[in-house]
Every structure is written in structure tokens, then in C-alpha cells.
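Residue numbers (the working numbering): 5 to 322. We put the beta carbon where it would ideally sit given N, CA and C, even for glycine.
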């Protein structure tokens, strides 16, 4: 059975509050007259790329991300994305894609000066990823093996917000007005199960992804690389509520997802895995003269090691 879904959109999710400095890629770093002291900016660049790795494949557990520094109560890192995947109708061609925006606001303290003399910077990241795969039906009915080739492009820019001007030098170039461009190449392997019947519909996906991110044409001080690996499981149950809208059944939806982060994603944000529990409703519009056949609204609760939160998800099928 060909699946013609799913495009997901997560809107204004207040999600994943870290207990303390789990997000601290660089919460307070010292600067000297000739550059940055006490920090390896290459490792910092690798960490920035690893964070970008959370958006290279569609994943309901990381569709939005907002981590807060508990010491100050101010947001340190925010991320939002839109993405999804589908099998092209009447073919075995599978396509997927994501577009994401992230913002991180570290503070750097000037070395040899009072602690209150600091430099606050704004790091903004935009990225786009795509995947192309092919469905191989298995002997067991309703099971499909799907290898996917993935590619992504991303860019991180840094600009000073307030505080003292960073000193001259290659190491502080990125803080003043720098950029980091990244290219990602890799692949995924997915095992997909779909069973659609009038009384209920079941979807199940098991997926392993491995994508290498490498900087290019970037500020000298922040050349970096990262290996974005993840192992995930996703399941969805849909069944009629007994109510009808436009003569079609209104379905309730139950969803569960689990992602285990591997490689450079493991622990980079203070956690190694995330569980997601979702519940919502699905409206069937397949008999209407519109492109969208189904619309789903879900509330999701996420939890993991030292993190928890919630999100509201809106998705459509074609």
C-alpha cells in the first residue's frame, strides 16, 4: 500500500527544559588580548555542527527544541523545523525533507577584566535537508525495506549583541562577525510497516541514520565536522471515534516515538535519548475537492534523561 504522507509542522513548542547547563556549548568563556583562552574553537565548531545534526532527518522527538539555562532563566538554545516524508503515488520512490532554524546565545567573559565585562553574541543557524530512497516490499505482507540517501546544507552566523568588542585575532573572528557553512552527506535505512483497515490503522517505522557534517568556506577559527547518528522507532495507531465530519469518520490518534542519539549527537545537549508520547485527532477530507486528504492535530509529551517538555504538532497527508 502506497503511503501518501506525512508533512509535519510543529508550532511554538515549549520543549525540553534542561536542569542546569546541559546546553552549555559555551556558557561563559574567557577572552584574552590575542583571542580565546580556555576553549578550543574547533571543538566548539564540532559541537555546533553536532547540534545541527538534530535536524538532518525528519524526527518528531526533535522537531522543536528549547533549552534554558536554569541559572539565569534565559533561553540559551531554540530550534524549530518543518519536515516529513512520503512515497510517491503509484511508485516505489520515497522522498523526504526538512527545513530548520536554530538560535543560540552564549556569553563570553573578557579575561583580565571584571566579570561583568562580557561579550554577548547571537548565533543563528538555518539548514535544509533532503532524502531520496526506494521501497523494497518484503515477503511478509505490509512490510517495506527502504534505503535512503540523505544530503543537507546549513549555515551558522555569529554577531555581537552587546558588551565589549571582542579582541582582534583569528580565534575571535567568528564571535565578531563570522560564519560556518556545513555540508552533510550520508544515508538511512528504514523498516516500514503499514496496516490500514476500516476498524484501525497502524504505522510502524524503525530507522537508523548516519550523516557526516563537514564545514566548508567558513571562518578560519571554526572549521569543524560531526557525525550525526541516530536510531529511532516510531508507531502510530488511528481508529474511528464514532463521530463523523462531512460524512467521514473522525479518528483519534495515539503515537509513540523513541530516538537514541549516537556518534557526536550522544550527550551533546545533555541527553542521550528521548521518548515522545502523542495523542490527538485526525480529520478526513478525502471526499472534498482539496489537495489535503487528512489533517492531524497532536499534543506530544517528551521526556528523557534530565529533560522533559511538550509540543503541539500539526500534520497533513496528501
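Three-state secondary structure (DSSP) of residue i
i           : result
residue 154 : strand
residue 53  : helix
residue 96  : coil
residue 178 : helix
residue 75  : Any answer about residue 75 is weak, because its pLDDT of 45 lies below 50 and its placement is not dependable; what the coordinates show is given next. In this structure, residue 75 counts as coil in the three-state DSSP scheme.
residue 29  : Because residue 29 carries a pLDDT of 40, less than 50, the predicted location of this residue cannot be relied on, and no value is offered for it.
residue 338 : The requested residue 338 does not occur in the structure, where the chain is confined to residues 5 to 322.
residue 102 : strand
residue 130 : strand
residue 64  : coil
residue 40  : Here the model assigns residue 40 a pLDDT of 48, short of 50, so the residue's position is not dependable and the matter cannot be decided.
Length of the line joining the Cα atoms of residue i and residue j
i           : j           : result
residue 20  : residue 82  : Residue placement at residue 20 is poorly supported in this model, since its pLDDT is 35, which falls under 50; the coordinates are not used for a value here.
residue 292 : residue 54  : 43 Å
residue 314 : residue 301 : 14 Å
residue 88  : residue 298 : 14 Å
residue 324 : residue 198 : The structure shown has nothing for residue 324, since the chain only spans 5 to 322.
residue 109 : residue 213 : 29 Å
residue 104 : residue 256 : 29 Å
residue 98  : residue 124 : 43 Å
residue 317 : residue 303 : 6 Å
residue 1   : residue 84  : This structure leaves residue 1 out entirely; the chain is present only between 5 and 322.
residue 324 : residue 223 : The displayed coordinates of the chain run from 5 to 322. Any statement about residue 324 would go beyond what the structure contains.
C-beta atoms of residue i and residue j nearer than 8 Å
i           : j           : result
residue 262 : residue 290 : no
residue 61  : residue 86  : no
residue 129 : residue 159 : yes
residue 288 : residue 253 : yes
residue 243 : residue 219 : no
residue 57  : residue 189 : no
residue 281 : residue 308 : no
residue 266 : residue 233 : yes
Residue span of the beta strand (DSSP E) that contains residue i, given as start and end
i           : result
residue 198 : 183-201
residue 315 : 311-321
residue 205 : 204-220
Every unbroken beta strand (DSSP E) within the segment 239-300, with a cutoff of 3 residues, ordered by chain
252-267 and 277-288
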